[in-house]
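Chains as they are written, first to last, in the numbering used here: chain B, 1 to 680; chain H, 1001 to 1324; chain Y, 2001 to 2218. Ideal placement from N, C-alpha and C gives every residue a C-beta, glycine not left out. Taking it in order: structure first as structure tokens, then the write-up.
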Amino acid sequence: MGILQFDNYIQLCILLFFIGSIIALGLNKKARLCNYVSNGISIIATALLAFASIMQIMGGKDVIKLSLLKSTLPFIRLEMTIDGLSAIFLLILSLLTICVSTYSIGYISSYYGKRNVGLFYFLYMSFILSMIFVFTSSNAVFFYIVWEGMALLSYFLVIYESERSENRQAGTLYIVMTHIGTAFLLIGIMISYSYTNSFDLFGSSDAIPAGAKNVIFIMYLLGFGTKAGAIPLHIWLPYAHPAAPSNVSALMSGIMIKTAVYGLIRFVMGFLGLQEAWWGILIIIIGIVSAVLGVAYAMMETDIKRILAYSSVENMGIILLGLGVSFTALAYGNLLVGQLALIASILHTLNHALFKGGLFLGAGSVHYATGTKDIEKLGGLIKKMPISALLVLCFSLAVSSIVPFNGFIGEWLTMQSIFASVAHGKHGINILLILGVAALGLAGALAAACFVRFFGISFLGIERSEHALKAEEVPRSMNIAMGILALICLSIGIFPLVAIKLIDRASYGLLGSSILDQIQGGFLVSWYSMEFTSNRISSFEILAVLVVIILLSLLALRVLGGKYIERRYGTWDCGFEALNSRMQYTATGFSKPIRIIFRILFRPSRKRSTKGGTAYYPETIEYTVDSESVFEKYIYKPVFVRARIWSRRTKFTVQTGNIHNYLTYIFITVIVLMAYNSFI
Amino acid sequence: MTYIIYIIVQIMIMLLLAPLINGIIKKIKAFTQKRTGPPILQMYYDLFKLIRKNSVVSEASSWIYKAAPYIVFSTSLTAALLVPVTIKLVPSFNISGDFVIFVSILALGRFFMMAAGLDTGSTFGGMGSSREAMISSLAEPSILVCLFTAGLIAGSTSLDQMMMFMQAKGQGIILMNPAIILLFLALLTIIIMETARIPIDDPSTHLELTMVHEAMILEYSGRHLALMEYGAAIKQLIFITLLVNLLLPHDQFIGAAGLGGILISLLIYFLKVIVITVVIALIEINTVKLRLFSIPNLAALSFILSFLAFLQYFLLGGGYVQLI
Amino acid sequence: MSSLFDILSVMILLSSFVLMANKRIKSYIKTFRIQSLLIAIVAGILGIQLIINEGRVDVLIVCIIIVLLKVIYIPNLLRRTYLGVEHRVEKDFIWNIPILVLICCGLVVFIYFSITAIEGISEDISTIQLVNSVSVVLIGLFFMISRKKAIGLIIGFLELENGIFVTAMFATDGMPFIVDLGIFIDMLTAVMIMGVMVFRISDKFDTINIDELNKLKG
């Protein structure tokens, strides 16, 4: 093996992360040095990884096999296999990690002397390492182990700022939910093992009967659905993401929840094979529900990071919608539509990693500069931190799927795949798919509304509190990191074919076909336009026309209207002359019309209490608006209450507190299992 | 070359015709109220006057506030390029966009308009933005489903391809098809919702209880206001053009191409736009403004119309429907 | 000609959606009148066709009866009832209007599936007409469920009857004359009795909210 062999780069990357995490732990007394060294190592390592994965995608259709760890058990092989699908997810991971590590240089500087930076970087790097393993493991048990490791490491990162009780609660909820998901995953893996006698993910699933396959699919869907934050399994997500430090939430939202997408493609599409159309239909339904409800809940939040977390639920919904369309089309044997939808969904995965990562970093910048995450206390930040504001605006446009940015491309491809699917499809699904179109529209418009609110309330207007007044521009490294992400977002938006070509090649190994001849435009001439069965768009041309029209209108105004003369004056206040920042529209007020219309989702309640004075002129008025989280109240709470009652009842018979009883339970379990094994 | 001519004609017609629509609507309303009303060309005078006036800019505002009018205006014109006024002029290689990007371009303009509403720190701006956010998110599913269904019928998502299909297949009156009738009604409802016309929003008042679009642009003055108003007028004309050229195509009646054909085609287009304008004016006269929270009823109705159109299209056997 | 019926069936379906989205009693009556007019047009066209082709006049007579009864007499009767009671706008629905309309949409989808699943429907009958007209029946029934005032119930009942009638017309080119006549007489009696009942309920309870009838049980 020569030094230029790119599979060596992956080994090198893993090694670097491993060494880096230990170095970080060793340097925990020297926070500044630790910060620079750790980020330097992870930037170099992920750059290698990015290079290697691009080479793997572009290079060949054969698979890289690495066995770094040797296992003594014959059926549990700790082997890593990197095919196109793994490579594209590794690429997403590395693109995001490079930016997040650059960002961390500035962001973590606020932790000097307050927290254990060494421990943070140890967890951070091991977390990235665990995700690399998740994307590359070729054995179900190995996958399960690293999946579990990823969950635990992210749990520690969520409770990293553990002095606040809500962070600890968020962590507990997260670990409970993720373990419930993992349990389903384990059941699925075990059922499939009982038929195939193999844990190999690249093996054949022919030995599994159709009925069992359905059960396994449901198990995988529940397992991965929990990680993906699909409604109604999403409840951990809006708590866990805000609790973690912002650079970690960028990674969690950007890439960790995408492991579920990878898992679904790898386990269901790759291993089980798609034989039943209802699998896809179920995923489409979950996708539609998640897309609409996710963004509807995001609209109600006032904590920046909770808004972003719910928006992640929405985007996972769009990704799942694409995935469901793909599964259904493939089950019906429509390879073209299936592949288009798969590409759409992976492209949206990439896009979402980029812009949501960027948004979480932006939220981190806001928190860094102002010390608060409550948008009701912000305002006017665009004058204090103009560069961050511009970058957050770019990401907001991207997440609202607005035109020159990448979010739009993902939505366009999803729409095209739905279009092609309806044109060739069966009637029942078509009615579901048209609801999917409506859901995309509603989710897109609500996302635009939500991010106008996010951007407008926190960056525009007048400062609403001291927090916003004292804000300053953040360190340069943070803006550079976000700038890189914004640039990638914009360039994918303008030159979508580059990304689509990569993903198309990556999915070649999975489906054995390519749709590139259906999408016209070469690699470098792709700025011209993108066309799928004669439906074409070109964001580049649209952008060019837009700019030209703006310039022409400036010129025309100069010619027709003369020189531009501007007078600065206060905002119109109806002659009141005491307009202050508290009279601006608040975030809660902004979302009120939507809260009222969709009250069935939010069940809003309001309370008004007055004190002193007369009924008409009270001295103080207290007004609170509240919206319930329907899922927690009507699905989870009854279950928890029931479980608590049940456990209280069994407390004295089963849970006696006597350690010998517990040992007896274990003993009996082992005996029963061994008996089962020997007699049946 | 044809591409350039197409762009120039398209933009010139939009620029010249758009303010006229508002003039006609105002005139008809005045007529029914036994008033003389402003001259039919009043909006042109207004725009010209505004362009030459100085601008007053709020102290609280940032660059978003000043950039928004240009972006709103240019997104309107860019979107106009995707909706040909006459099929006769569409260049052989078509313009690069379909209805998804059409909706997305308009969303770009709306995003900046809503952001600008929040930028000045005024309560009115925030109120307008908040209401616009609600109305746009209610209208968007209907627009997409409506255009998606029209696209399915025509077998393409490009708006010009759709128009060409409709006129190629619709040798007689294209409206003699249940799906098309429903789409027509749906699109008419969408026009009312999107262009701030009466049951949704009253463009002629500045009462804080009712205004939506006017509240967002309340702070604007001078050339910025002109651009905002112009952009809104163009957007209205785009939607009317979409309606008349997609669902009431006329170019199949004109035989040969050539300059004469194009002129006749434009003339017919102009007449159709006037007819739809009169219809909108009549709707505006005969209805009262809806309470803000009754708007979902109208939105639901327009969504149902689009959805039923989709269903009828499938009841007719799916595939590319044979129009009469 | 079939496409004309397609369009009319869509218009009839649309009128039932408009009815569902309404909340003013006056518009109920107006919409019902329009719906009946559309049905009369269907019957008229069919009647003329049958006269030319087969020499049957019964459908045309039915058409005239519809015009007299459903377009003129019953709406006027309802208008008088409406003027007589203190009730103009429906306020309390079981759910709000957008949801009701969306449920109706779901009904149409459901009927589409169930009709296409039935085997043995003759090829001559257009599915589109059948689905649309059966939907009117179910939407009428659902209208009765969703409204709490007695006049709403009457309108729902009439809409249901319209749906049944138009289904029969599309499916069989007009039922035997005597059946039609029987239905009309039934309906007329029912409407008259219900009209009287509305007055009585209004007198008795000072409201025409039919939830009050719950009190009548033993």
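Asked	Found
Sequence-distant residues of its chain with Cβ nearer than 6 Å to B/Ile41 (five each side left out)	Leu16, Gly20
Endpoints, the beta strand (DSSP E) within which B/Tyr623 is located	620-627
Start and end residues, alpha helix (DSSP H) containing B/Val176	165-196
Span of the alpha helix (DSSP H) around H/Asn1286	1258-1286
Y/Val2108 at chain B interface by Cβ criterion, 8 Å	no
Amino acids of chain Y, ordered along the chain, whose beta-carbon sits closer than 7 Å to that of H/Asn1286	None at all; the shortest Cβ gap to chain Y is about 13 Å.
Three CB pairs or more closer than 8 Å across the stretch 151-165 of chain B and the stretch 126-135 of chain B	yes
B/Asn334 - containing beta strand (DSSP E), residue span	Careful: B/Asn334 lies outside any beta strand (DSSP E) and carries neither H nor E.
Cβ distance (whole Å) where B/Phe142 is taken to contact B/Leu90 below 8 Å	Incorrect: roughly 16 Å between the Cβ atoms, too far for contact.
Outcome for H/Thr1078 when other beta-carbon atoms lying within 10 angstroms are tallied against a minimum of 16	buried
Boundaries (first-last residue) of the alpha helix (DSSP H) holding Y/Ser2002	2002-2021
Cross-chain neighbours of Y/Cys2105 in chain H, by beta carbon under 8 Å	Ile1304, Phe1307, Leu1308
According to DSSP, residues forming a beta bridge with B/Glu566	H/Ser1055
Segment limits, alpha helix (DSSP H) that includes B/Ile43	31-59
The stretch 131-138 of chain B touching the stretch 103-112 of chain B, judged by at least three CB pairs closer than 8 Å	no
Touch test, the stretch 440-447 of chain B against the stretch 377-395 of chain B, Cβ-Cβ under 8 Å, three pairs minimum	no
Beta carbon of Y/Val2109 nearer than 8 Å to that of Y/Ile2151	no
Minimum C-alpha distance to B/Gly26 - residue among B/Leu123, B/Ser246, B/Ile44, B/Ile10	B/Leu123
Range of the contiguous alpha helix (DSSP H) that encloses B/Lys501	496-506
Chain Y contact residues for H/Asn1297, given Cβ-Cβ distances below 8 Å	Ala2021, Ile2097, Pro2098, Val2101
Bridge partner(s) assigned by DSSP for B/Pro604	B/Ser627
Integer Cβ distance of B/Asn247 from B/Tyr103, believed to fall under 8 Å	6 Å
Interface positions of the stretch 2022-2049 of chain Y facing chain H (Cβ-Cβ less than 8 Å), listed along the chain	none
Interface flag, B/Tyr111 vs chain H, CB-CB below 8 Å	no
Beta-carbon proximity check, H/Phe1124 vs H/Ala1068, cutoff 8 Å	no
Amino acids of chain Y, ordered along the chain, whose beta-carbon sits closer than 7 Å to that of B/Ile288	Ordered by position in chain Y, no residue passes the 7 Å Cβ test against B/Ile288, which lies about 14 Å from the chain.
DSSP state of H/Ser1062 mapped onto helix, strand, coil	coil
For B/Leu435, the residue or residues it bridges with in DSSP	DSSP output for B/Leu435 lists no bridge partner at all.
Distance, B/Ser591 Cα to B/Leu397 Cα	19 Å
Buried versus exposed, by CB contacts within 10 Å (16 or more), B/Tyr569	exposed
Per-residue contacts from Y/Ile2007 into chain H (C-beta, under 9 Å)	Leu1175, Met1176, Asn1177, Pro1178, Ile1181
Host alpha helix (DSSP H) of H/Met1001 (start-end)	Careful: H/Met1001 lies outside any alpha helix (DSSP H) and carries neither H nor E.
Members of the stretch 375-392 of chain B that neighbour chain H once the beta carbon cut-off is set at 7 Å	Ile382, Lys383
Members of the stretch 1116-1144 of chain H near chain Y, C-beta cut-off 8 Å	none
Per DSSP, cross-strand counterpart(s) of B/Met80	B/Leu66, B/Ser137
Cβ of H/Leu1152 within 8 Å of any chain B Cβ	yes
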